[in-house]
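*Asks:* Got a structure for you, questions after.
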Amino acid sequence: MTTTHYQEGDERQTGNEPTSPVTETIDFHHPFTPYDVQVQFMQTAYDVLEKGDGQVGILESPTGTGKSLSLICAALTWLRNHKRSQYEATFSTVADAMQGEPDWMIETALRRKREELTRKWEEREAQLEKMRQRERAMEERGRGAKRQRVGDSDAGSGLRGKGTREVDEEAEFLIHDWDEAGGVGDEDDPLSQLSRETRDLLEKVGLGFAKKPGLDEEGVVEDEIKIYYTSRTHSQLTQFIAELRRPAFPPSIPSALVSPDQTGKGDDKPDTEIVKQIPLSSRQKLCINPSVSRLGSLSAINDRCTELQQSKSNQKCSFMPNADNLKQTHQFRDTALATLPDIEDMHRIGKQLQVCPYYASRTAIPGAEVITLPYPLLLQKSAREALGIKLEGNVVIIDEAHNIMDAVANVYAAEIRLSELRRARQMLGVYVRRFGKKLKGENRVMVAQVGKVVESLSEWLDGTLKAKGEQGIADTNTLLKSRGADQINLYKLIRYIQESKLAYKVESYVSHTEEQDQSAPQNKTSSSSSPVLHTLVSFLTALTNLSNEGRIFHERLPSTPGTPPDIKLSYLLLSPTHAFSSIALSARAVILAGGTMSPFEDYKDHLFPTLPPAKITTLSCGHVIPASNLCVWTLASTRPTAGPTGSAVANPADAFEFSFQRRSDRAMVRQLGLAILNMCAVVPDGVVVFFPSYGYLDEVVTIWQSPDPDSTRAGEATKTTIWARLGAKKTVFRESKGGSSDEVLQSYSQTILSPPTPAEGTSARGALLLSVVGGKMSEGINFSDRLGRCVVIVGLPYPNINSPEWKARIEYIEATALGRGPIDGGQAAARAKQAARDFYENACMRAVNQSIGRAIRHRGDYAAIVLVDRRFATERIRGKLPAWIRGGMVEGSEGRGLQGLMGALSGFFRGKREGAT
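The UniProt record's numbering numbers the first residue of the sequence shown as 1 and each following residue consecutively.
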């Protein structure tokens with residue numbers, strides 16, 4: 001099997017021209033006839049999975065090229081081929097073990113092995129087919145008859161035990177006895193805090209972590225190799241599952257072993273097998289117990305759920321898998337494996353069967369082929385352990401991976417405000433006044449330690465708030481210096497808060513008392529909706545992280561009228577290397593896929609720094625659109641230049657350079673406005689302009705709204721503002737930092753797609769949307785067809801390198817680069833500085849590429865992309881654009897000025913109008 005691969009930067013990769021024919025011997029079972037770039041993408045992904053042994057694929061395929069479907073077809077084709085090869089390997093193993101035995105004995109053993117494997121597969125498929133038929137029958141009947149709720153005595157609350165009663169404050173809110181030795185069970189078992197009874201029941205239904213893989217009484221197959229697919233949001237995962245339902249794949253067992261009529265459909269052997277997929281999520285998404293789910297916050301739901309399982313709890317959750325609902329739990333598992341459900345389906349199935357989807361979904365993990373889950377559940381090791389996810393030998397696919405490094409940092413980020421610490425101190429005071437005398441032994445000591453930590457952090461923040469300075473890096477050695485808090489074992493304290501459910505009990509009790517206090521309604525809004533003690537635990541956990549990979553920052557917060565000034569501490573993970581290493585080192589293969597992955601270097605250097613180049617495959621696919629559907633232009637200056645790179649400008653004042661030093665030049669900002677005004681005159685429908693930041697967008701709009709100094713008559717000043725002239729060409733919309741992006745986007749879309757009114761005539765043609773790179777409109781928004789006929793990028797959105805966060809990042813990267821490379825004096829220091837500069841620049845270019853990707857969303861789409869800044873003409877910056885953008889770049893555009901741009905845009909859109917007639 002030979003495949004032509006194009007690597008990032010390969011001169012043969014032209015972006016939008018048809019790719020070279022790909023020699024392809026694998027049927028990927030794509031539901032449509034795939035384009036060349038899709039075959040290329042699928043073949044590359046397949047090769048990465050086939051090689052295994054820690055292989056990594058970094059794959060870029062532009063939005064609109066069917067990336068998700070290509071991932072599915074490549075991964076599932078490989079998985080089914082791999083399973084069939086494993087079946088064959090099983091027979092070879094049996095034959096090898098019986099070498100020297102008579103042929104008839106070997107044949108008998110092989111026949112029995114075939115019959116055993118075939119029987120297991122056929123029984124499982126038949127059981128799943130029954131579940132599918134049951135689901136179809138329920139759909140035909142509507143929703144069907146509701147099942148009787150388990151635990152009828154307290155159906156409304158989802159609790160078994162006592163019925164309606166007055167709140168017993170001691171039973172409900174008093175901390176149970178705790179001691180360090182007995183407070184924790186098996187640290188490797190996330191279910192160790194549950195009662196012995198509950199743990200035994202969970203193991204019985206397949207949820208215990210001590211359960212050995214194998215075939216249980218209900219026909220679950222052995223824990224086989226799996227594909228863990230993760231994306232940023234649940235909506236993206238739902239879209240992926242919808243795509244997963246499109247293709248059909250052959251059985252995972254060799255066709256020679258499949259008996260005819262095993263599904264009752266006739267004499268023909270089945271030629272397909274449904275994909276077995278399970279979505280995993282948090283309790284917040286899956287809990288069906290109304291008394292728990294109504295708590296709102298994830299931390300409160302988690303604590304209340306686990307508390308209901310503890311042996312000392314007076315009440316039990318009626319939906320928890322147990323001996324009474326064992327049949328429903330197995331039915332949940334089989335229904336989920338049979339129907340390709342999404343998260344909403346899992347919640348619905350759980351409600352129908354009256355069994356907890358969060359816990360019951362784990363019974364389906366051994367039999368699943370694909371497991372979908374959001375970023376936080378995969379990226380955090382503790383979350384993986386809590387869900388029973390084991391990556392060893394399995395495949396990990398991370399979609400929308402352009403922001404994976406930020407996602408890792410966000411998973412481990414934590415912050416706490418002075419106002420929250422004051423609230424925590426007040427809540428602890430209320431709790432101790434009520435229960436302080438009843439706290440015994442370790443409980444009394446540990447609650448006092450929590451109070452000391454809160455006081456110490458509060459005093460540090462209070463002192464910093466009174467000092468000058470808006471932000472900076474905090475010395476972790478001084479945060480807990482007062483009140484003797486630096487002598488406290490934070491690891492033990494965190495463990496105590498988590499195991500005793502202190503945060504939940506304190507916040508629940510305070511919420512209870514405030515609800516009873518009708519004379520203080522203002523307190524009711526700040527109760528359980530603000531889980532400040534849970535926030536404290538997250539921050540303390542961050543404090544115990546490795547010191548060299550994270551920093552603590554302080555920042556003064558903007559004050560609002562009527563509220564005291566506030567300040568916050570925040571933890572930032574400077575490098576994702578250590579946090580991601582448990583995934584990279586465990587999985588058989590890891591694929592990072594996205595529409596805008598360029599530039600690739602950061603993923604190699606900061607996610608897989610120790611992997612040899614031979615284990616990393618990169619691919620930047622072209623687009624499925626024809627070359628004539630894309631016009632990319634670098635507008636380096638208003639007038640034509642002498643130089644080929646846009647650097648040799650006859651008059652430097654004519655150059656567009658939105659650097660920090662020049663971006664406030666009012667004359668240049670006005671020239672930008674006039675350039676956009678000219679574009680609006682020839683571009684039909686929607687024009688989207690991306691600015692480096694919200695602050696700069698506000699500055700630009702202010703200049704555009706001011707009178708034009710070239711206006712000679714005061715009476716015309718308002719009419720001649722650039723802002724007014726833009727509004728005369730197109731309806732102008734503007735993204736604001738605190739505004740509703742949905743409302744702006746809806747109005748923008750309606751203006752473009754609605755036919756003009758008689759009063760408007762043809763004067764208002766489409767709309768202009770002013771947005772921000774990295775803002776709400778730059779990711780996840782679809783500006784397809786008429787909504788995005790032209791995308792304009794203004795400047796390079798470099799982060800603020802003088803901010804404490806970026807200073808710390810740069811220092812960390814330089815130090816890390818020095819530690820990895822050979823020690824050769826000045827050259828090593830130069831390499832370290834270049835590594836930091838590349839990381840800084842790559843962060844900027846990833847944001848640019850993501851904004852560019854909002855346009856051209858399918859094969860028939862077309863658009864112009866205008867890059868307004870002379871720096872876009874440099875080879876270093878241009879080389880970090882996606883291959884399909886580089887392929888659509890108009891040669892020499894950077895030297896032809898605004899006049900050349902207008903000619904190109906006029907010709908581009910005129911050709912589209914003529915082609916449509």
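Cβ coordinates follow ideal geometry from the N, Cα and C atoms, glycine included.
Keep in mind the model is a prediction, meaning the values are calculated, not measured.
Quick one: grab the DSSP three-state call for M902.
*Replies:* Locating residue 902 in the sequence shown gives position 902, counting from the first residue. Note: M902 maps to helix in three-state DSSP.
*Asks:* Run the CB neighbour count on W121, radius 10 Å, all protein chains shown included, and call it buried at 16 or more, exposed below.
*Replies:* What you label residue 121 is simply residue 121 of the sequence shown in a count that begins at 1. Its Cβ being crowded by 16 or more others within 10 Å, W121 is buried.
*Asks:* Please state the DSSP three-state secondary structure of E743.
*Replies:* Taking the sequence shown and counting its residues from 1, the one referred to as residue 743 is at position 743. The answer is helix: DSSP assigns E743 an H, G or I state.
*Asks:* Is the distance from the Cβ of V453 to the Cβ of L502 below 9 Å?
*Replies:* The count along the sequence shown starts at 1 and reaches residue 453 at position 453. The count along the sequence shown starts at 1 and reaches residue 502 at position 502. For V453 and L502, no; Cβs fall outside 9 Å.
*Asks:* I'd like the ranges of any beta strand (DSSP E) spanning at least 3 consecutive residues and lying wholly in the region 673-735.
*Replies:* Listed in chain order, the complete beta strand (DSSP E) runs (minimum 3 residues) inside the region 673-735 are 686-691 and 731-734.
*Asks:* Cα separation between D566 and M320?
*Replies:* Stepping through the sequence shown from its first residue, residue 566 is reached at position 566. Stepping through the sequence shown from its first residue, residue 320 is reached at position 320. About 43 Å.
*Asks:* How many angstroms separate the CA atom of R112 from the CA atom of E273?
*Replies:* As a working mapping, residue 112 is identified with position 112 in the sequence shown. As a working mapping, residue 273 is identified with position 273 in the sequence shown. Spanning the two alpha carbons is a distance of roughly 23 Å.
*Asks:* For T563, which of R245, F908, S419 and T25 has the nearest alpha-carbon?
*Replies:* The residue given as residue 563 occupies position 563 in the sequence shown. Of R245, F908, S419 and T25, the residue nearest in Cα terms is S419.
*Asks:* So what's W633 in DSSP terms, helix, strand or just coil?
*Replies:* The residue labelled residue 633 in the question sits at position 633 within the sequence shown. DSSP places W633 in strand when its eight states are reduced to three.
*Asks:* Identify the continuous beta strand (DSSP E) that holds residue 925 and give its terminal residues.
*Replies:* Only positions 1 to 917 of the chain appear in this structure, which leaves residue 925 out of reach.
*Asks:* If you reduce the DSSP assignment to three classes, tell me which class I227 lands in.
*Replies:* Within the sequence shown, numbered from 1, the residue matching residue 227 stands at position 227. Correct three-state label for I227: strand.
*Asks:* Which word fits E344, buried or exposed, when buried means at least 16 other C-beta atoms lie within 10 angstroms of its C-beta?
*Replies:* Residue 344 sits at position 344 when you count from the first residue of the sequence shown. So E344 counts as exposed.
*Asks:* Helix or strand or just coil, what does DSSP make of K316?
*Replies:* Indexing the sequence shown from 1 puts residue 316 at position 316. In the structure shown, K316 sits in a strand (DSSP, three-state: E or B).
*Asks:* Taking DSSP's pairing of strands, which residues face Y571 in a bridge?
*Replies:* Indexing the sequence shown from 1 puts residue 571 at position 571. Y571 is bridged to A414 and I552.
*Asks:* Could you compute how far the alpha carbon of V744 sits from the alpha carbon of I865?
*Replies:* Within the sequence shown, numbered from 1, the residue matching residue 744 stands at position 744. Within the sequence shown, numbered from 1, the residue matching residue 865 stands at position 865. Approximately 22 Å between the Cα atoms of the pair.
*Asks:* Report the option in N81, V506, W460 and V445 whose CA atom is closest to the CA atom of F173.
*Replies:* Working through the sequence shown from its first residue, we reach residue 173 at position 173. Among N81, V506, W460 and V445, the Cα nearest to that of F173 is on V506.
*Asks:* Could you compute how far the alpha carbon of T464 sits from the alpha carbon of A655?
*Replies:* One-based indexing of the sequence shown puts residue 464 at position 464. One-based indexing of the sequence shown puts residue 655 at position 655. For T464 and A655, the distance between alpha carbons rounds to 44 Å.
*Asks:* Roughly how many angstroms separate the alpha carbons of R666 and I703, rounded to a whole number?
*Replies:* Mapped onto the sequence shown, residue 666 falls at position 666. Mapped onto the sequence shown, residue 703 falls at position 703. When rounded, the distance between both Cα atoms is 7 Å.
*Asks:* Does any C-beta atom of chain B lie closer than 9 Å to the C-beta of S538?
*Replies:* Within the model displayed, chain B is absent; a lone protein chain is all it includes.
*Asks:* How far does the alpha helix (DSSP H) with P290 in it reach, from first residue to last?
*Replies:* Translated into positions along the sequence shown, residue 290 becomes position 290. From DSSP, the alpha helix (DSSP H) with P290 extends over P290 to S293.
*Asks:* I'd like to know whether the C-beta atoms of V56 and L585 end up nearer to each other than 9 Å.
*Replies:* One-based indexing of the sequence shown puts residue 56 at position 56. One-based indexing of the sequence shown puts residue 585 at position 585. No, these two residues do not count as a Cβ contact at 9 Å.
*Asks:* On the DSSP bridge assignment, give the partners of P279 in chain order.
*Replies:* Translated into the one-based positions of the sequence shown, residue 279 becomes position 279. Paired residues: T372.
*Asks:* If I'm right that T230 touches I398 with Cβ under 8 Å, what's the distance once you round it to whole angstroms?
*Replies:* Your numbering for residue 230 matches position 230 in the sequence shown. Your numbering for residue 398 matches position 398 in the sequence shown. Right, the Cβ-Cβ distance comes to about 5 Å (below 8 Å), so this counts as a contact.
*Asks:* So what does DSSP say about L592, is it helix, strand or coil?
*Replies:* Here residue 592 is taken as the residue at index 592 of the sequence shown, counted from 1. L592 falls in the strand class under three-state DSSP.
*Asks:* I need the DSSP call for M777, collapsed to helix, strand or coil.
*Replies:* Taking the first residue of the sequence shown as 1, we reach residue 777 at position 777. The answer is coil: DSSP assigns M777 none of H, G, I, E or B.
*Asks:* Among L901, A883 and Q899, whose alpha-carbon lies nearest the alpha-carbon of L59?
*Replies:* Position 59 of the sequence shown, counted from the first residue, corresponds to residue 59. Nearest C-alpha to L59: A883.
*Asks:* How big is the Cα-Cα spacing for V510 and Y496?
*Replies:* Taking the sequence shown and counting its residues from 1, the one referred to as residue 510 is at position 510. Taking the sequence shown and counting its residues from 1, the one referred to as residue 496 is at position 496. Cα to Cα, the separation comes out at about 20 Å.
*Asks:* Figure out for me which residue from R362, E88, M427 and S282 has the closest Cα to the Cα of N302.
*Replies:* Here residue 302 is taken as the residue at index 302 of the sequence shown, counted from 1. The option with the nearest alpha carbon to N302 is S282.
*Asks:* Which of helix, strand or coil does DSSP assign to D96?
*Replies:* Taking the first residue of the sequence shown as 1, we reach residue 96 at position 96. It is helical.
*Asks:* Within the continuous alpha helix (DSSP H) that includes S754, where are the two ends?
*Replies:* Sequence index remark: in the sequence shown, residue 754 carries index 754 (1-based). First-last for S754: undefined, no H or E at that position.
*Asks:* Does the Cβ of G897 have 16 or more other Cβ atoms within 10 Å, making it buried, or fewer, making it exposed?
*Replies:* The residue labelled residue 897 in the question sits at position 897 within the sequence shown. Counting Cβ neighbours within 10 Å, G897 comes out buried, since at least 16 surround it.
*Asks:* Out of M42, Q236 and G550, point me to the one whose CA is closest to I781's CA.
*Replies:* Start at 1 with the first residue of the sequence shown, and residue 781 comes out as number 781. The shortest C-alpha separation from I781 is found at Q236.
*Asks:* When DSSP builds the beta bridges, which residues end up paired with S620?
*Replies:* For the purposes of this step, residue 620 is identified with residue 620 of the sequence shown, where counting begins at 1. Paired residue(s): E60.
*Asks:* My output table needs one value for S382: the three-state DSSP class, helix, strand or coil.
*Replies:* Taking the first residue of the sequence shown as position 1, residue 382 is located at position 382. In the structure shown, S382 sits in a helix (DSSP, three-state: H, G or I).
*Asks:* Nearest by alpha-carbon distance to T549: which of T560, F539, Q471 and Y571 is it?
*Replies:* Position 549 of the sequence shown, counted from the start, is the residue given in the question as residue 549. The question names Thr, yet the displayed sequence has Glu at residue 549. The candidate whose alpha carbon is nearest that of E549 is Y571.
*Asks:* What did DSSP end up calling I106 once you bin it into helix, strand or coil?
*Replies:* Counting from one through the sequence shown, the residue named residue 106 turns up at place 106. Reduced to three states, the DSSP call for I106 is helix.
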